[in-house]
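Data block below; observations after.
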Amino acid sequence: MIYYTERVDGALTLFKSDATLQNKTLIYSHKGKGNTRHGDYNDNILDFYYDKTNKTISFIAMNDGIWSLFSLKEGEEKPILLQKKVIEMNRDYIQDQFENVSASSMKGSLYLLENGNEKMIKKFYGIYGTFTGYQPIGFSIDGKYLVYHSMEHLTPIGTILEGLAKEWDSIGNMYIISINIGEF
Numbered sequence: 011m012i013y014y015t016e017r018v019d020g021a022l023t024l025f026k027s028d029a030t031l032q033n034k035t036l037i038y039s040h041k042g043k044g045n046t047r048h049g050d051y052n053d054n055i056l057d058f059y060y061d062k063t064n065k066t067i068s069f070i071a072m073n074d075g076i077w078s079l080f081s082l083k084e085g086e087e088k089p090i091l092l093q094k095k096v097i098e099m100n101r102d103y104i105q106d107q108f109e110n111v112s113a114s115s116m117k118g119s120l121y122l123l124e125n126g127n128e129k130m131i132k133k134f135y136g137i138y139g140t141f142t143g144y145q146p147i148g149f150s151i152d153g154k155y156l157v158y159h160s161m162e163h164l165t166p167i168g169t170i171l172e173g174l175a176k177e178w179d180s181i182g183n184m185y186i187i188s189i190n191i192g193e194f
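Here it is, written out as structure tokens:
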């Protein structure tokens, strides 16, 4: 399973899915619960960590004007407030390296590096720039999949124009690619 956030009705919401992203399941929405104490709401889930041993999800969300740490047992609907004033969280669910393999982006294309050998796994066709190409996010727990982000444009100007039309952090998509580590 892959755990991720997706923007729903303006708020980053927690989901899980299989690697195809076809069978996604809503885990938790903080919608209407992120009171900032300034008359508005910030219902985003900023960061999360899945503990596969205890089958719990810890996440950071707004609680009465303070970014706080919550815990949610998988299958339950109401989280427990653990701690207020939380700034960062452990991110070892999605790892940027798996065993002796790392992922990188060069000129927009995705590469795997294993034991000094480099292999392109996804070619970017377009004009590479700051706002184009593929960016690796990390490997799944078992190392069979690589999560990456694409701005979805072949030129930087396309991304910039879309950024003018909608929220900057909602541009592009996350993808998952199956990889066979050790098959270079």
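FYI, the numbering used here numbers position 43 of the sequence shown as 53, with every residue one higher than the one before it.
For every residue, glycine included, the Cβ atom is placed at its ideal position computed from N, Cα and C.
As the structure is a prediction and not an experimental result, all values here were calculated from the model.
Taking 8 Å as the cut-off, the beta carbon of I70 is found no closer than this to the beta carbon of D61. Straight through space, the alpha carbons of F134 and S112 are spaced by roughly 18 Å. Counted as a single uninterrupted DSSP element, the stretch harbouring G75 is not any beta strand (DSSP E), since DSSP gives it neither H nor E. Secondary structure of L31 (DSSP, three-state): coil. Residue pairing from DSSP places T15 in a beta bridge opposite L24.
Between L120 and Y144 the beta-carbon gap is near 5 Å, inside 8 Å, which marks them as a contact.
Pairing G20 with T46 gives a Cβ-Cβ distance that is not under 8 Å. Scanning its chain for C-beta atoms nearer than 8 Å, with the 5 sequence neighbours on each side dropped, one finds around S78 the residues I70, A71, M72, L91, L92, Q93, K94, K95, V96, in chain order. Classified as exposed, N110 has fewer than 16 neighbouring CB atoms from the shown chains inside 10 Å of its CB.
In this structure, I147 is the residue among V18, E87, I147, E86 with its C-alpha nearest to the C-alpha of S115. According to the DSSP assignment, Y121 belongs to the beta strand (DSSP E) that extends over 119-124.
With fewer than 16 other Cβ atoms from the protein chains shown falling within 10 Å of its own Cβ, L36 counts as exposed. Taking the CA atoms as reference points, T66 sits about 7 Å from S81.
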